[in-house]
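Right, one structure below, let's go through it.
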Ligand code: SAM
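Residue numbers (the UniProt record's numbering): 5 to 239.
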């Protein structure tokens, strides 16, 4: 059975599409999407040999060799422009996801939807989308096994739209749609983050070293203010 997290990611795949799942590990996501009839075919990309072998075994065991191709390579180098219409990148940090997109930009021609699931640092992903003409169209936050995950869905379009009628800095950090919805998982995540940021700021202030930590302090203070404002604002 697929994890709740990956099932949620699969829910955003455009029906009838050809999918590339980058950093596929066991290829659970493309196999599931194919078995459910969501996709017509898929590519599972992996950079490391171990996960690549797991992906191959899983595709083989599922009898999906004719539909899902497992390819070894770094990020989007495993696909050609116009080969797929949907890309999923899940279970990595936001910095890695944005660097995969940045380095594979020319492969995004013809891609109609990106479904990105950063474990941490979703802000990096939102900034990349904003700067590269990908319009965030939906977001989801969910909890599984005591961990909180975010899913970001984007399509080519006017990437400014989600940030037009809200506090842009807060929205890049916390997600424009997630702020709008402000559900209990979101509140839980940001209460935890807030406590964490306050703790770090406190430690830095106690250590008394200025200099290179000054920028970090400013960033922490800014983010603390943004998060407090959003959490305290009555819906
Ligand atoms: N996508 C699956 C999921 O969400 O459950 C697997 C997540 S796993 C934690 C991350 C996978 O990404 C690893 O198997 C790793 O080898 C792969 N990976 C990391 N960097 C990559 C890159 N630049 N290109 C392709 N795969 C990468």
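Ideal Cβ positions, reconstructed from N, Cα and C, are used throughout, including at glycine.
Check, Outcome
"Which partner residues of residue 138 appear in the DSSP bridge assignment?", "160"
"Do residue 85 and residue 101 have their C-beta atoms closer together than 7 Å?", "no"
"Any chance the CB of residue 55 is under 6 Å from a heavy atom of ligand 1?", "yes"
"Three or more C-beta pairs closer than 8 Å, one from the stretch 37-50 and one from the stretch 79-95: is that the case here?", "yes"
"Within 10 angstroms of the Cβ of residue 34, are there 16 or more other Cβ atoms? Answer buried if so, exposed if not.", "buried"
"What residue ranges within the stretch 74-158 form continuous alpha helix (DSSP H) runs of no fewer than 4 residues, ordered along the chain?", "98-107, 126-135"
"Could you check if residue 51 belongs to the surroundings of ligand 1, using beta carbon to heavy atom distance under 6 Å?", "yes"
"To the nearest angstrom, how far is it from the Cα of residue 166 to the Cα of residue 26?", "26 Å"
"By the 10 Å Cβ neighbour count, where 16 or more other Cβ atoms means buried, how is residue 180 classified, buried or exposed?", "buried"
"For residue 59 and residue 28, which I take to be in contact (beta-carbon distance under 8 Å), what is that distance rounded to the nearest angstrom?", "5 Å"
"Where residue 64 and residue 73 are concerned, what is the direct C-alpha to C-alpha distance, given to the nearest angstrom?", "10 Å"
"For residue 222, count neighbouring C-beta atoms within 10 Å of its own C-beta (all shown protein chains included) and say buried if the count is 16 or more, exposed if not.", "exposed"
"Among the residues of its own chain, which have a CB less than 6 Å from the CB of residue 90, if the five just before and after it don't count?", "17, 18, 21, 23, 117"
"Using the C-alpha atoms, what's the distance from residue 106 back to residue 120?", "14 Å"
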